[in-house]
Amino acid sequence: MGNLRALRRKKGLTQAALAEQAGASQTRISAHELGKRPLTMRQLLAIAVCLKTSVDHLLDRTDVEEPYPCGDGHGGNLRRIREKRHLTQIGVQMRVGINQSAISQYETGGELPTIQNIILLADLFHVSTDFLLDRTDVEEPYPPKKQ
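Here the sequence shown stands for residues 80 to 226, where the numbers follow the numbering used here.
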């Protein structure tokens, strides 16, 4: 919320200009900046691209504005990290409470995770949300936001 407003202003964009570039409504961006209504994951991803930043930065999880390098485009990072950690989808469900069928949808690209779920998964696997969303192949999480 705070990072979105600050970064938008730093880039010299009005809410309306950002909304036009990201395919969102100015009203939705305003409501998000005021903490009244969250953006959807699709809107958040589009805004991250427009502002050339990470989803983690927009979610106020890090102070680092610059995103990690783009991934190879193959996708599948959620499944790879889950298997690397020797967890089944049911095992993930038991640890964070996300329904197994939703995890399956996230892994196959049938559905984007909710903001709440992507944060739960990033915390479980100790990676960035950008990694889980296949925006980068860097597994390391961004440095946490300073209090």
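All C-beta atoms, glycine included, are put in the ideal place defined by N, C-alpha and C.
Is R140 helix, strand or coil when you go by DSSP? For the purposes of this step, residue 140 is taken as residue 61 along the sequence shown, with counting starting at 1. DSSP, reduced to helix, strand and coil, places R140 outside both helices and strands of the structure shown, so it counts as coil.
I'd like to know whether the C-beta atoms of I177 and L191 end up nearer to each other than 9 Å. Looking up residue 177 in the sequence shown gives position 98. Looking up residue 191 in the sequence shown gives position 112. Contact flag unset, no.
Member of T132, R107 and D142 whose CA lies at the smallest distance from the CA of Q226: Looking up residue 226 in the sequence shown gives position 147. Check the Cα spacing between Q226 and each of T132, R107 and D142: the tightest is with D142.
Only counting the same chain, and skipping five residues up and downstream in sequence, which positions put a Cβ closer than 6 Å to that of R158? By one-based count along the sequence shown, residue 158 stands at place 79. E186.
Can you list, in chain order, the residues of its chain with a C-beta nearer than 7 Å to that of H111? Leave out the 5 residues immediately preceding and following it. Indexing the sequence shown from 1 puts residue 111 at position 32. So the qualifying residues of the chain are M80, L83, P117 and L118.
I need the DSSP call for C149, collapsed to helix, strand or coil. Within the sequence shown, the letter at position 70 stands for residue 149. Secondary structure at C149: coil, using DSSP grouped into helix, strand and coil.
Between which two residues does the alpha helix (DSSP H) containing Q195 stretch? Sequence index remark: in the sequence shown, residue 195 carries index 116 (1-based). Start and end: I194 to F204.
Extent of the continuous alpha helix (DSSP H) run through K89: Position 10 of the sequence shown, counted from the start, is the residue given in the question as residue 89. Under the DSSP assignment, K89 falls in the alpha helix (DSSP H) whose first and last residues are G81 to K89.
Do R107 and A98 have their beta-carbon atoms positioned less than 9 Å apart in this structure? Translated into the one-based positions of the sequence shown, residue 98 becomes position 19. Translated into the one-based positions of the sequence shown, residue 107 becomes position 28. It is a contact, given that the beta carbons lie within the stated cut-off.
Is DSSP giving R116 helix, strand or coil here? Looking up residue 116 in the sequence shown gives position 37. Coil at R116, not helix or strand.
Could you spell out where the alpha helix (DSSP H) holding Y185 opens and where it closes? Position 106 of the sequence shown, counted from the start, is the residue given in the question as residue 185. In the DSSP assignment, Y185 falls within the alpha helix (DSSP H) that extends over Q179 to T187.
Check whether the Cβ atoms of T193 and D135 sit closer than 9 Å, and answer yes or no. The residue labelled residue 193 in the question sits at position 114 within the sequence shown. The residue labelled residue 135 in the question sits at position 56 within the sequence shown. By the CB criterion at 9 Å, T193 and D135 fall outside the cutoff.
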